[in-house]
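Report on the structure given below.
2 protein chains.
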Amino acid sequence: MNTKYLNIYNEIAGNIEKGEIKPNTKLPSENELVKKYSVSRDTIRKALNLLEQYGYIQKIRGKGSYVIDINRFDFPVSGLVSFKELSEKMGMKANTILEELQIIKPDKYLMNQLKIKENDDIWKVVRIREIDGKKIILDKDFFNKSFVPSLTEDICKDSIYEYIENKLGLCISFSKKEITVENATKEDKKYLDLQGYNMVVVVKSHIYLDDANLFQYNESRHRPDKFKFVDFARRKKLME
Amino acid sequence: MNTKYLNIYNEIAGNIEKGEIKPNTKLPSENELVKKYSVSRDTIRKALNLLEQYGYIQKIRGKGSYVIDINRFDFPVSGLVSFKELSEKMGMKANTILEELQIIKPDKYLMNQLKIKENDDIWKVVRIREIDGKKIILDKDFFNKSFVPSLTEDICKDSIYEYIENKLGLCISFSKKEITVENATKEDKKYLDLQGYNMVVVVKSHIYLDDANLFQYNESRHRPDKFKFVDFARRKKLME
DNA sequence: CAGTGGTCTAGACCACGGT
DNA sequence: CCGTGGTCTAGACCACTGA
């Protein structure tokens, strides 16, 4: 990491994750941290703001910064985390089956989702995620080919995000997710071990690069009993 | 509003919402905004950071700040928004039926969820949410009585949050939500118009005050076809 | 090259909590 | 009262973009 405030953030966040700083204890005050790290107060405040934003601490005016007792190991699906990153973090026996990989022309639905024209090229990737030997998730990805010129089987079986960020040098910035529950389709029943469930949880994501270009649409279909989404949210500042 | 940067944030956010600033256009540069508002650059940057955080703009180094084309009117369940605030914003015909309001002693499950002891008092509030005449959501709330000494039927039919924030002067700060899908219980079938669905979407929330005290546990059970959760997320900065 | 946003500093004053 | 975090300022240097 390059910047001072990110270094400090990572150090403190790591200490909280490792349990070296206990929940409900107080962090050193900003002025003490200024001395400890020999940086300006603003730099400390940037680091603390990040910690607050990601749910590590709660700052209380006049009192100090307190470590929040949130069990972070629950299931961190919030934010943007790829399946590979996630399963590694959770220590699950995960496996990916590549079902389909081809270039297609978009139908009306995809044109709308990816905001593209009818003769643009799209990478379509269909993958099945196995966890502990059970086919749990059906992942359908659509990439705008103008951002991702080539894709191979090996990349899809590994992590597409890793390829995109490290090899292509693209920077993924933000996403908009939508979670609904739908009746299982024939395709769901064909590919997944639904064990009698007739519904699936559907997560639709639009994923953007740091230049605000929409470059991926993803549809992730989960067996309902194996789905869990955890969200940490701060109360919004009001308007008007 | 008190602070300069919040004023500026609200003004720009409002202009984006009203469509006075169009998506994919560029905001004035930070230096121009400094002149326009006669404030320091840091104050402008605070406002812009908020706008970025809440998905209004994307800042691109060397280029400028661009208004993001995200349809914000979709369904803003992310963040902390009460049912009343939400239904008003969406212009839905919503109605609340108060089913139960009493003080109870916690069972083991509640003691764990609210992190309290067995002889602490708990407010239990059960409400059914009707939308367009259909019973869609079963809302079960549990408040630690030491924070909320009294509750009346009128408050529960209106907005408990409003009462808590405005009358009691408590400040709600953050929440941790968990979304799962479960088989419908007898209680679900009794209170809701499930229309044959045998599953419900369950949202469990732990809600904290700004002094980091846990004061409410909420369980919200939704008919699956009427449930939708939208999340805007920025890619997390990595650790290590 | 000039203009942009990103980081960092040093100092000031304020509002709040606890003593 | 002092120590805390919250806001605000003015100025510096850097990295990146685009002409």
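Note that the protein sequences, when read in sequence, are chains P and W. Counting from 1, one number per residue, gives the positions in the first sequence under the UniProt record's numbering. Counting from 1, one number per residue, gives the positions in the second sequence under the UniProt record's numbering. For each residue, glycine too, the CB sits at the ideal point set by N, CA and C. Since the model is a prediction, treat every value here as computed from it, not as a measurement.
Buried or exposed (CB count within 10 angstroms, at least 16 for buried), residue i
i, result
"M92/P", "exposed"
"I104/W", "exposed"
"R223/P", "buried"
"D141/P", "buried"
"Y217/P", "buried"
"L50/W", "buried"
"L168/P", "exposed"
"E240/P", "Bear in mind that the predicted position of E240/P carries a pLDDT of just 36, short of 50, making it too unreliable to give a figure here."
Contacting residues, own chain, Cβ-Cβ under 7 Å from residue i (five flanking each side not counted)
i, result
"R138/W", "Looking at the sequence itself, residue 138/W is Leu, so the reference to Arg does not match. Correct list, in chain order: I128, D188, Y191, L192, R221."
"K16/P", "In the sequence as presented, Lys is not what sits at residue 16/P; that position holds Ile. Y56, V67, listed in sequence order."
"residue 302/W", "Residue 302/W lies beyond the range of chain W shown here (1 to 240); nothing can be said about it."
C-alpha gap between residue i and residue j, whole angstroms
i, j, result
"L33/W", "G19/W", "19 Å"
"N166/P", "I97/W", "54 Å"
"K108/W", "R41/W", "53 Å"
"T25/W", "K59/W", "12 Å"
"T152/W", "L48/W", "42 Å"
"T3/P", "S29/W", "23 Å"
"E118/W", "N112/W", "10 Å"
"K63/P", "R45/P", "15 Å"
"R234/P", "K35/P", "30 Å"
"A13/W", "E162/P", "34 Å"
"N10/W", "K186/P", "47 Å"
"S38/P", "F227/W", "50 Å"
"Q53/W", "M199/P", "34 Å"
"I8/P", "H206/W", "29 Å"
"residue 241/W", "K115/W", "Nothing about residue 241/W can be read from this structure; chain W reaches only from 1 to 240."
"S150/P", "L110/P", "19 Å"
"I164/P", "F147/P", "9 Å"
"R61/W", "N31/P", "31 Å"
"Q195/P", "Q195/W", "22 Å"
Cβ-Cβ separation, residue j to residue i (assumed contact under 8 Å), whole Å
i, j, result
"S65/W", "L27/W", "4 Å"
"N183/W", "E130/W", "With a Cβ gap of about 23 Å, N183/W and E130/W do not count as contacting."
"Y197/P", "D154/P", "Wrong, their Cβ atoms sit about 33 Å apart, outside the cutoff."
"P23/W", "D69/W", "4 Å"
"K204/W", "E178/W", "5 Å"
8 Å Cβ shell around residue i - same chain, five flanking residues per side excluded
i, result
"S78/W", "In this prediction, S78/W has a pLDDT of 48, which is less than 50 and means its spatial position is unreliable; what the coordinates show is noted afterwards. These residues qualify, in order along the chain: F229, V230, D231, F232."
"I21/P", "I12, N15, L27, V67"
Residues near residue i in its chain [Cβ-Cβ closer than 6 Å; skip 5 each side]
i, result
"K135/W", "I128, L192, D193"
"T43/W", "K4, Y5"
"T180/W", "V202"
"Y208/P", "S173, F174, L214"
"I143/P", "For clarity, residue 143/P is Phe in the given sequence; the question names Ile instead. So the list reads W123, Q216, once near-sequence residues are dropped."
"S219/W", "Note on residue identity: the sequence assigns Glu, not Ser, to residue 219/W. Answer for E219/W: K140, K204, listed in chain order."
"Y132/W", "A small correction: the amino acid at residue 132/W is Asp; Tyr does not occupy that position in the sequence shown. So the qualifying residues of the chain are K93."
Next on the checklist: If contact is defined by three or more beta carbon pairs under 8 Å, each pair taking one atom from either stretch, is the segment 158-173 of chain W in contact with the segment 203-220 of chain W?
Outcome noted: yes
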